[in-house]
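Let me begin by presenting the structure, written as structure tokens, before commenting on it.
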Amino acid sequence: GENVEQHPSTLSVQEGDSAVIKCTYSDSASNYFPWYKQELGKGPQLIIDIRSNVGEKKDQRIAVTLNKTAKHFSLHITETQPEDSAVYFCAALSNFGNEKLTFGTGTRLTIIP
Amino acid sequence: EAQVTQNPRYLITVTGKKLTVTCSQNMNHEYMSWYRQDPGLGLRQIYYSMNVEVTDKGDVPEGYKVSRKEKRNFPLILESPSPNQTSLYFCASSGATQETQYFGPGTRLLVL
């Protein structure tokens, strides 16, 4: 089955600096890669996603890049703000046979004012 | 307002006492899932359902049951809870695929 590894597990950055979170996946059949943000006391919320036929996608201060050959994808947050502090999860969806969505172990991002 | 609701939000119980956590969505979604979240392990899928009367095991189904008698509801049943089921549980729903999942607010369960 799919295995998704996420690094780092914790990340602290100065407000205004950039943050990068990286994930690798094992199943070459995976073709959809979402990122979820979980604020304290809440459920995860989708913030951006990318499909396997696209190399990069941006939405204001966040961007995701995908390298299918190397089987890794990354979340980039620029000009970080205090409200970016949260736990971020990457995931990979495989459509081979039954759909299977596998999450990474999460990254706790702390923005230092 | 489109949402996924879970009840209860917090639950303390004892080993062996059957419990049910309810989940309901108002978005007419086909897919519904249950996850547990544990420190260092991320989100792990317990069970999922592609539609009414169709359920399948996720990665960690042992000790849990689900049912999908109506499209909007997907209860999680612990027939005989054990301390290793102490966790934070999330219900989620999505449309025709497991893309763009909407999560509920979570249920924190403590089994003594």
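In the order they appear, the protein sequences are chains A and B.
Everything in the first sequence is counted per our numbering, starting at 1 for the first residue and increasing by one.
Everything in the second sequence is counted per our numbering, starting at 114 for the first residue and increasing by one.
The C-beta atom is built at its ideal place from N, Cα and C for all residues, glycine as well.
- [ ] Could you please give me the residues that DSSP links to Asp-84(A) through a beta bridge?
- [x] Looking up residue 84(A) in the first sequence gives position 84. In DSSP, Asp-84(A) forms no bridge with anything.
Task: Near the ligand ADP: Leu-222(B) beta-carbon under 7 Å from a heavy atom - done: This structure does not include the ligand ADP; it has no bound ligands of any sort.
Open item on the list: So with CB distances below 7 Å, who are the chain B contacts of Phe-103(A)?
Closed with: The sequence position of residue 103(A) within the first sequence is 103, counting from 1. Result: Gly-155 and Leu-156.
Task: Leu-132(B) vs Pro-194(B) beta-carbon contact at 8 Å - done: Locating residue 132(B) in the second sequence gives position 19, counting from the first residue. Locating residue 194(B) in the second sequence gives position 81, counting from the first residue. Contact: yes.
Task: Short Cβ contact (8 Å threshold) for Ser-307(B) with Leu-225(B) - done: Past the edges of chain B, shown from 114 to 225, lies residue 307(B), and the structure says nothing about it.
Open item on the list: Within 10 Å of its beta-carbon, does Thr-10(A) have 16 or more other beta-carbons around it, so buried, or fewer, so exposed?
Closed with: Working through the first sequence from its first residue, we reach residue 10(A) at position 10. It counts as exposed.
- [ ] Would you kindly work out how many angstroms separate the C-alpha atoms of Ile-21(A) and Glu-192(B), rounded to a whole number?
- [x] If you number the first sequence from 1, residue 21(A) lands on position 21. If you number the second sequence from 1, residue 192(B) lands on position 79. The alpha-carbon of Ile-21(A) is positioned some 39 Å away from that of Glu-192(B).
- [ ] Enumerate in chain order the residues of its own chain whose CB-to-CB distance from Ile-190(B) is below 6 Å, with the five nearest sequence positions on each side excluded.
- [x] Translated into the one-based positions of the second sequence, residue 190(B) becomes position 77. Beyond the five residues adjoining it in sequence on each side, Ile-190(B) comes within less than 6 Å, by CB distance, of Thr-133 and Lys-178 in the same chain, given in chain order.
TODO: Could you tell me the boundaries of the beta strand (DSSP E) in which Tyr-160(B) lies?
DONE: Along the second sequence, read from residue 1 onward, the residue named residue 160(B) stands at position 47. Start and end: 155 to 164.
Open item on the list: Between Glu-212(B) and chain A, is any beta-carbon pair separated by less than 8 Å?
Closed with: Position 99 of the second sequence, counting from 1, holds the residue named residue 212(B). It does; some Cβ of chain A falls within 8 Å.
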